[in-house]
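Taking it in order: structure first as C-alpha cells, then the write-up.
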DNA sequence: AAACTAATACTCTGATTCGAGTAGTCGAAC
DNA sequence: GTTCGACTACTCGAATCAGAGTATTAGTTT
C-alpha cells in the first residue's frame, strides 16, 4: 500500500470521529462543528469529501452502507478499519511528539521588514498588538464561560495553547515596536537612512551596488550576507 | 482587475526581490536562498513559477526580456510595475498589522488528545519538548555566529521571533506534561478511566451513550458539549 | 396555505501546490 | 579525455484545496 502522507489534519479528525462510531461525511462535519473542533482544524466541504475518498482508497475506512431518505442525496456511511484505528493513534502520536516547521505569515513578513520605513513598521506592529489583545480577550471570555460550566481542562487544552502562543507573540510584537522607536534595536540608524535615501530617489539597487558610498563602511558587510535560522 | 488574494507569501518575496532590480525566476530563487529567506518563506520551484505567472497576469510584474545562452533553457527577466510596488508595500503592511488565524498541527492534535492514554500523552509531550530544545539550541548557535559577525538585529528578527515562539511552546508543553502526571490537570482521573474501560473492550460509542453509567454523574454534561475558542 | 428560511447532504470546477523529472553546462578529478 | 557531481533553469502532472453552487425537505412565519 502506498505510504500515507499525513498532510491534512482533517483526515485525522475524520478517523477520530469514526473511532467513536460509523458516520456519513456530513454527520462528521456537524459533529466536529458541534464540538468546536473546527476552531482548531480547518474544515471545509470540498476537503472533507476528498479526504474521505482518499482515506477509503488507503483502506483506513470503508463504506458500510448507502442509504437515501426520500429524494435527498445519498448518504454513504463509513466505518473505520483496523488499519485506520492504528493509523489514527499513530498519526496523533506523531503530531504530538515531533514538531513540524510551520511557516507563519508574520515570520515571512518580518524577514522582509527592511522594506518598510522603521516608524511605519512600529506603527503597524502596534496595530497588530491591539488586534492580538482583542483575540486574547475573546479567548479569556470563552474560558470564563467554560469554567462556569466546569468543563474539564482537557476540552480546553487547544485553546489554552492558542492563548499561550498569542501572549508570546504579543510580548514579542510590543517589545519590537518599542525597541525600534527607542533605538534599542541595533541598526535602526542605517535602516532609517536607507529609507531617507529612497525618499530622495535612491533605490535599493544603487544601495546594494555601493553600500559604502551611501551607508558607510560597515554596511558593506551586511549586503547579501547569508543568514541563519 | 480581479482582486488579489494574497495567499502565498512567496509571491510577496518575489515582489520584494524585484523591487531591488529585475531578475529571472531562478535568480530570484537563488537570491532568496542566499539571504536565508527560504527559512522563513516556503520556496519550491513549482510554486515559484506559477506564482510568477500569476503576478504577471495581475499586472504586478512584467516580462522585460527573454534571453538564452547556448542551448540552455530560456530565461525570462521580470521587472516590477508601479502597481506591483504598491501591492508589495501594502501586502507587507497587512501581514504585519493584522494577525491571521493559522491552524498549527499541534493545535489540531491537542484538540484530539482525549484519544491518547494520559501517560502516553505525557510521554509524547516530553519527546516533543526534547526536540524543541534541540531546535532552540540550533537557533542560539546561529545567533551567536551572527553576533560575532556583528550583523544588525534587523537581519535576525524573524529568527528571534521563531525563538520566542519556540520557547513559549516549550514552556506550554513541559507544563502540560507535568500537570497530566501530577494530576494538577483537572479531569485527568476520568480521562484515565475512559482508557481503562477501553482496554477492557468498552468503546467510545458505549461511553458516549451512557456516560453516567461508566463515568459518573458529572461526565454526562461533558459529552457533546459545544466548545469555545 | 403559500412563501420563506434554515438545515441537510453533497457536487463541481477552477486554482494552487508540490516535488520529481529533465536537460543542458561547467569545472575538477582520475 | 572522460566521467562525475554540482549547478543552472525550468516543466509537468498529479494531488489537493477552496468554496460557491445545487437540490431536497422540515419547520416557521405571515
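Chains as they are written, first to last, in our numbering: chain C, 1 to 229; chain G, 230 to 458. The C-beta atom is built at its ideal place from N, Cα and C for all residues, glycine as well.
- For residue 173 of chain C, the enclosing alpha helix (DSSP H) begins and ends at 157 to 182.
- In this structure, residue 327 of chain G sits away from residue 123 of chain C, with a CB-CB distance that is not shorter than 8 Å.
- Under the Cβ distance rule, residue 254 of chain G does not count among the residues neighbouring chain C, no pair being separated by less than 8 Å.
- With respect to residue 405 of chain G, residue 335 of chain G sits apart: the two C-beta atoms are not nearer than 8 Å.
- Under the three-state reduction of DSSP, residue 290 of chain G is assigned to strand.
- For the options C/166, C/16 and C/8, the alpha carbon positioned closest to that of residue 343 of chain G is the one of C/16.
- Comparing alpha carbon positions, the residue from G/241, G/358, G/255 and G/329 closest to residue 309 of chain G is G/241.
- Between residue 9 of chain C and residue 337 of chain G, the CB-CB gap stays under 8 Å.
- Collapsing the DSSP output to three states places residue 76 of chain C in a strand.
- For the stretch 74 to 101 of chain C, the residues whose beta carbon sits under 8 Å from a beta carbon of chain G are, in order, 88, 89, 92, 93, 95, 96, 97, 98, 99 and 100.
- The stretch 86 to 100 of chain C makes no contact with the stretch 31 to 50 of chain C: fewer than 3 CB pairs, one atom from each, lie closer than 8 Å.
- Counting only the Cα atoms, residue 307 of chain G lies some 36 Å from residue 376 of chain G.
- Looking at C/65, C/187, C/88 and C/47, the one whose alpha-carbon comes closest to that of residue 381 of chain G is C/187.
- Taking the Cα positions, residue 424 of chain G is about 52 Å away from residue 180 of chain C.
- The beta-carbon distance between residue 340 of chain G and residue 40 of chain C, rounded to whole angstroms, is 4 Å. This is short enough to meet the 8 Å contact definition.
- Shown here, residue 333 of chain G sits in coil according to DSSP, grouped into three states, outside any helix or strand.
- In summary, the residues of the stretch 159 to 172 of chain C whose CB is separated from some CB of chain G by less than 9 Å are 159, 160, 161, 162, 164, 165, 166, 167, 168, 169, 171 and 172, in the order they occur in the chain.
- Within chain C, the residues placing a beta-carbon under 9 Å from that of residue 242 of chain G are 108, 111 and 112, ordered along the chain.
- Put simply, of C/197, C/167, C/49 and C/104 the residue whose alpha carbon is nearest the alpha carbon of residue 135 of chain C is C/167.
- Look at residue 296 of chain G here: in three-state DSSP terms it is strand.
- A straight-line Cα-Cα distance of about 14 Å links residue 50 of chain C and residue 62 of chain C.
- From the listed residues C/169, C/191, C/14 and C/172, the smallest Cα separation to residue 88 of chain C is found for C/14.
- The beta carbons of residue 295 of chain G and residue 305 of chain G sit closer together than 8 Å.
- Around the CB of residue 378 of chain G, fewer than 16 other CB atoms lie within 10 Å, so the residue is classed as exposed.
- Ranked by Cα distance from residue 401 of chain G, the options C/164, C/35, C/173 and C/171 are led by C/164.
- Linking residue 198 of chain C to residue 383 of chain G through their CA atoms gives a straight-line distance of about 18 Å.
- The C-beta of residue 365 of chain G comes no closer than 8 Å to any C-beta of chain C.
- Sequence-distant Cβ neighbours of residue 139 of chain C in its own chain, meaning closer than 8 Å and more than five residues away, are 159, 162, 163 and 166.
- Under DSSP, residue 252 of chain G takes part in a beta bridge, and its partners are G/307.
- Taking the Cα positions, residue 74 of chain C is about 29 Å away from residue 5 of chain C.
- Per DSSP, the continuous alpha helix (DSSP H) segment holding residue 423 of chain G begins and ends at 417 to 428.
- Taking 7 Å as the cut-off between beta carbons, the residues of the stretch 33 to 49 of chain C near chain G are 34, 35, 36, 37, 39, 40, 41 and 42, in sequence order.
- Pairing residue 184 of chain C with residue 178 of chain C, the inter-Cα distance amounts to about 8 Å.
- Listed along the chain, the chain G residues whose CB falls inside 7 Å of the CB of residue 131 of chain C are 327 and 328.
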